[in-house]
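A.B. asks:
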Amino acid sequence: MKIATRHHLRSDQVDALHEMLRTDLGVELDADTYELVEFADEDFDVVLVDGEPLIWYPAGEPFVTVKGANVAQPERHVVTVDAGAISFVSDGADVMRPGIEEADGDIDEGDLVVIVEETHGKALAVGRALTDGEDMVGEQGKVVESLHYVGDDLYEFEA
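Its first residue numbered 0, the sequence shown is counted upward by one per residue in numbering that gives the first Met the number 0.
#1: Assuming A102 and V78 are in contact, meaning their beta carbons sit under 8 Å apart, how far apart are those beta carbons, in whole angstroms?
#2: Candidates L28, E27, D40, D14: which alpha carbon is nearest I2's?
#3: Along the beta strand (DSSP E) that carries A122, what are the first and last residues, could you check?
#4: Would you decide whether K141 is buried or exposed? Buried here means 16 or more other CB atoms lie within 10 Å of its CB.
#5: Mind checking whether Q139 and P97 have CB atoms under 8 Å apart?
#6: With H, G and I counted as helix, E and B as strand and the rest as coil, what does DSSP make of L159?
#7: At the level of alpha carbons, what is the spacing between G67 and I114?
#8: Out of D131, E144, V65, which one is the CA nearest neighbour of V94?
#9: Let me check understanding here. Comparing Cα to Cα, which of A158, D29, A82, G150 lies closest to V125?
#10: Looking at C-alpha atoms only, which residue of H76, D134, I106, D110 is the closest neighbour of A122?
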């Protein structure tokens with residue numbers, strides 16, 4: 000991942016980011032610095048929060064990274080998978096209905112979601128919902144497209 004530009008966010012940008020995180024995810028971040036990193040070879044940007052890549056902008060919309068989800072622990076837009084799905088989701092696989100234990104009812108098709116494991120609630124991946132949250136638990140079919148997961152380039156990124 001090649002960095003094209005890097006600059007600190009203005010206070011109004013930080014305020015807007017905080018509002019989105021609070022409203023959409025129920026997340027509060029308390030940090031001293033917010034730095035936007037734009038990549039030359041990726042279709043997303045990252046916000047370093049006190050030097051850590053905790054926020055990213057897939058398709059231009061801000062959302063927590065896997066590391067960010069583990070720090071902030073979102074209350075909304077969360078999909079919980081069972082132990083059998085952990086290794087697949089951690090390797091970037093899309094999420095299938097049989098592996099889902101629970102999904103927030105406020106998830107709409109197309110929303111970004113955090114995928115967590117059921118035992119400790121640790122984030123494994125971030126994906127895009129392919130169906131509403133209330134329709135995610137079931138017998139068959141893909142319900143979340145994986146976009147970012149433990150061990151991928153974004154997860155391993157260090158500024």
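Glycine included, each C-beta is placed from N, C-alpha and C at the ideal position.
Keep in mind it's a predicted model, so treat the numbers as computed, not measured.
C.D. replies: For this structure:
#1: Contact holds; Cβ gap of about 5 Å.
#2: Taking the Cα of I2 as reference, the smallest distance to any Cα among L28, E27, D40, D14 is reached at D40.
#3: Looking at the DSSP string, the run of the beta strand (DSSP E) that includes A122 is 122-128.
#4: Answer is exposed; the Cβ neighbour count stays below 16.
#5: P97 is positioned such that its CB atom lies closer than 8 Å to that of Q139.
#6: Examination of residue 159 is not possible in this model, given that the chain is present from 0 through 158 alone.
#7: For G67 and I114, the distance between alpha carbons rounds to 12 Å.
#8: Among D131, E144, V65, the Cα nearest to that of V94 belongs to E144.
#9: Looking only at A158, D29, A82, G150, the smallest Cα-Cα distance to V125 is reached by G150.
#10: Minimum Cα distance to A122 is reached at H76.
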